[in-house]
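Take a look at the structure set out below.
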Amino acid sequence: MHRFAAKFFNKYRKPVEEDANLITLKENANLITLEEDDNLIIAIDSSWSNDYAIGIQGWIISKKCSLDELDEIEIEVNGTTVPITSWYPRPDVSAAYPQYKLSNNCGFWVHIPRLAEHLVTFKAKKQRTTWTKSLAFKGSKPQPPVDFPEGVDIFNDFVKLVNDNHLSVLEIGSRIVSPDSSSKRALFPGASSYTGFDYYPDSNTDVVGDTHRLSQHFGNQLFDAIFSLAVFEHLAMPWVVAMEINKLLKVGGITCHSTVNAWPVHERPWDFWRFSDEGLKVLFSPPMGFKTIRAGFFEPLRMHLDNVSHPHYGFEAKPSFGGVAILAKKTADFNSAQFKWDVALEDVLDSTSHYPKPIHKPIHIDGSDMNILDKYVTSAPSPQNALDIFKGEWSSKLPEPFSTLQAGSAQLFEDPRMDWCDAQFGGFEGKTVLELGPLEAGHTYMIERLGAAEIVSIEANTRAYLKCLIVKELLELKHTRLLCGDFVEYLRTNQKKFDVCIASGVLYHMNNPVELLALAAKASDQLFIWTHYYDQAIISGEPALSYRLSDGTPAEYAGFRHTLYRQDYKAALSWGGFCGGSDESSNWLSREDILACLRHFGFNDIQINFDHTNHPNGPSFALTAVR
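This is how it looks when you write it as structure tokens:
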């Protein structure tokens, strides 16, 4: 068993031969000190201390054996000995010292409380006389017992309920934020499914988006269980998120959330709130459609003020806690008429505010952000390997026999809108089709399966284009040509006439939507369109859509006068799976202007279906137009 203390660094100090890898390691890590002897190499990356404790972060190498072979590693400071139990991977250290038998986890955190005895002397003075009396204090006292609800095992109770009952579970905040954190997916081997949701994509995140609009990302999908860990303090409007959780949770489903009670400010500027057990009970209360099962505190701590005045004497003896958690059950659907919140996230935050972008990148010895070997697949070829190239970015669920693969959740490969379109046009059999914006080739697959002779499908988003190629290979599409580029530019010079033009989910992403309709009218006499549209009354009446409210701007194109309603993408542009337009904003048309525009360009037979005024992203409808 090795022991090391502060005196180690003076006793065993010797020069370290700095090769290129070691120099890079020190430059990247900003080491405070690095020392070695014949047995150990120890480096300190960071440290802190005050009158109550000492904290050290660093890494250690044994020259004699792997750290895994040691009985224990501990640190001693002024007579206080503490074992090191918090370890994490340091691949940069392994690369710098290939000659030693290294463990995967050689980085460490250690916290040493100061428990030394103190002698306190009181002095009373009168003129030249001083009376003294000394009292011995045995050191820090343990936190006094307090009558507060205990919450340390609340999350464990949630995990057990999910596994024992084979529930479908959604994690809010699934991204692995720091190198020493790990996926919670493995905690749920008994769950019927696990879905990870986060503001930014990573390998553990299946769906990316803003939690304040959580329900908009899942369509009609519901979950048996929803949880978050250290997320609620980062939500600008946690009451809105509680409403969104209610929308996604089945009646009788459970939800668990662990957040902070007293904790340092972190991940600014999106660090908004601190909670008590009573505060969480309000968020998940009966008026919100919930019943609390348990709520309580964990991580007891003491607060020490730098400057103490009379009202705060004894402050550090009062009970404080690092964390608080709640486990609740959904008892009813949320009643939007009972509780309204007409303010959107964009209304309460500065336009430049965003959740801090990921700062933890893979560490490579050459200092770069990418190692080409990380891009290699080491398992046998499989469809999942291909899909995982864009893991966390897929929107669609694949059809049979690939429906069990991990991708997205939208049913775009089995879309009733395409079946309706097929019926309206007398079938796709033998026809030539121009498809604008295939996204992930879901509709492309359906149209080819319905017998189209030729499909020309144009996609400007390069990531979406590559996903379409993956789908084309997996589903063996034989009559489809995928083109990478801007379909508006294609249409401006196109001379070919197609039997059918499909424009699903693209019109509302245009800066000049009327130009697109005019160009599509030149390319085909049969149009299918699915789109959102602007309706002031509908949008203003739905609090969740208040961010869509816009002042109209008059416009004219090819003799058609209309009104444009600007929509900004904002934070959505940060997601790799973004499926909007090529600019930072787009312009919506009203329903009336869309129909009038089609008539203006000669389409006199217009049929409407799938008219959804309550779509979570704004009112929408599908139409076929024939000339």
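Using numbering that gives the first Met the number 0, read the sequence shown as starting at 0 and increasing by one per residue. For glycine and all other residues, C-beta sits at the position ideal for the given N, C-alpha and C.
Helix, strand or coil at residue i according to DSSP, with G and I counted as helix
| i | result |
| --- | --- |
| T677 | One cannot answer for residue 677 here, as it falls past the ends of the chain, which runs 0 to 626. |
| G436 | coil |
| N511 | coil |
| H1 | For H1, the pLDDT reaches just 39, beneath the cut-off of 50, and the residue's location in the model is therefore unreliable, although a value from the coordinates is still provided. Strand, per DSSP. |
| P148 | coil |
| Y375 | coil |
| H478 | coil |
| R267 | coil |
| H363 | Note that H363 scores 37 on pLDDT, short of 50, meaning its location in the model is unreliable and no value can be drawn from it. |
| F527 | strand |
| Y193 | strand |
| F8 | Because F8 carries a pLDDT of 38, less than 50, the predicted location of this residue cannot be relied on, and no value is offered for it. |
| T330 | coil |
| P285 | helix |
| L134 | strand |
| A519 | helix |
| T443 | helix |
| F274 | coil |
| E488 | helix |
| V637 | What the structure shows of the chain is the stretch from 0 to 626, and residue 637 is not part of that stretch, so it cannot be assessed. |
| E34 | strand |
| D368 | Only weak support exists for where D368 lies, its pLDDT of 48 falling under 50; the value from the coordinates is given anyway. Looking at D368 - three-state DSSP - the assignment turns out to be coil, as it is neither helix nor strand. |
Candidates the options, of which the one nearest residue i by Cα
| i | options | result |
| --- | --- | --- |
| N334 | F217, T80, P285, F320 | P285 |
| V342 | N613, R547, T612 | R547 |
| R293 | L300, V281, H303 | V281 |
| H303 | G288, E71, S319, F296 | S319 |
| R267 | E232, L300, M236, F296 | E232 |
| D387 | K329, S585, V470 | V470 |
| P398 | E392, G391, P382 | P382 |
| L101 | F107, I59, A422, A123 | I59 |
| P618 | S545, G558, A595 | S545 |
| A557 | I175, W393, L518 | L518 |
| E149 | F107, M287, A324, H599 | A324 |
| D44 | R626, T32, R301, N162 | T32 |
| D276 | G295, F559, S227 | G295 |
| G195 | F121, G172, I41, N306 | G172 |
| D270 | H216, L348, L622, T128 | L348 |
Per DSSP, cross-strand counterpart(s) of residue i
| i | result |
| --- | --- |
| Q606 | T623 |
| Y87 | G106 |
| H611 | S619 |
| S227 | I171, H256 |
| L563 | T552 |
| Q56 | S45, W108 |
| I325 | H256, A294 |
| I244 | None, per the DSSP bridge assignment. |
| E232 | Answer is none; E232 lacks a bridge partner. |
| S545 | Answer by DSSP bridge pairing: none, since S545 is not bridged. |
| V76 | T79 |
| A595 | Note: A595 sits in no beta bridge, so no partner. |
| A123 | W130 |
| S408 | S408 is not bridged to any residue. |
| N586 | R565 |
Own chain, CB closer than 6 angstroms to residue i, minus 5 neighbours either side, in chain order
| i | result |
| --- | --- |
| S65 | K100, S102 |
| R174 | D197, Y199, D201, T204 |
| G551 | T562, Y564 |
| V376 | N384 |
| L449 | D421, F427 |
| Q525 | F424, V499, V625 |
| K466 | F389, E439 |
| F602 | A624, R626 |
| Y533 | Y564, W587, S589 |
| S581 | A459 |
Neighbourhood of residue i by C-beta, 7 angstroms cutoff - its chain only, sequence neighbours within 5 removed
| i | result |
| --- | --- |
| L594 | I605 |
| T431 | A452, E453, F497, D498 |
| D610 | F620 |
| L326 | I153, D156, F157, I253, C255, I292, R293 |
| Y568 | G579, E583, S584 |
8 angstroms CB neighbourhood of residue i in its chain, flanking five on each side removed
| i | result |
| --- | --- |
| E243 | T210, H211, R212, L213, S214 |
| H614 | H531 |
| W340 | M236, W238, V239, M242, P542 |
| K477 | E447 |
Contact test: residue i Cβ vs the ligand HEM heavy atom, cutoff 7 angstroms
| i | result |
| --- | --- |
| Y556 | With respect to small molecules bound, the structure shown includes none, and the ligand HEM cannot be examined in it. |
Problem - Segment contact, 8 angstroms Cβ cut-off, at least three pairs: the segment 454-462 with the segment 402-422 - result: no
Exercise for the section: Report yes or no: do the segment 176-186 and the segment 204-214 share at least 3 C-beta pairs separated by less than 8 angstroms? Expected result: no
Handout entry: Three or more C-beta pairs below 8 angstroms linking the segment 507-524 and the segment 398-409
Key = no
Exercise for the section: Spell out a yes or no on whether the segment 232-242 and the segment 259-278 are touching, meaning 3 or more CB-CB pairs, one atom from each, closer than 8 angstroms. Expected result: yes
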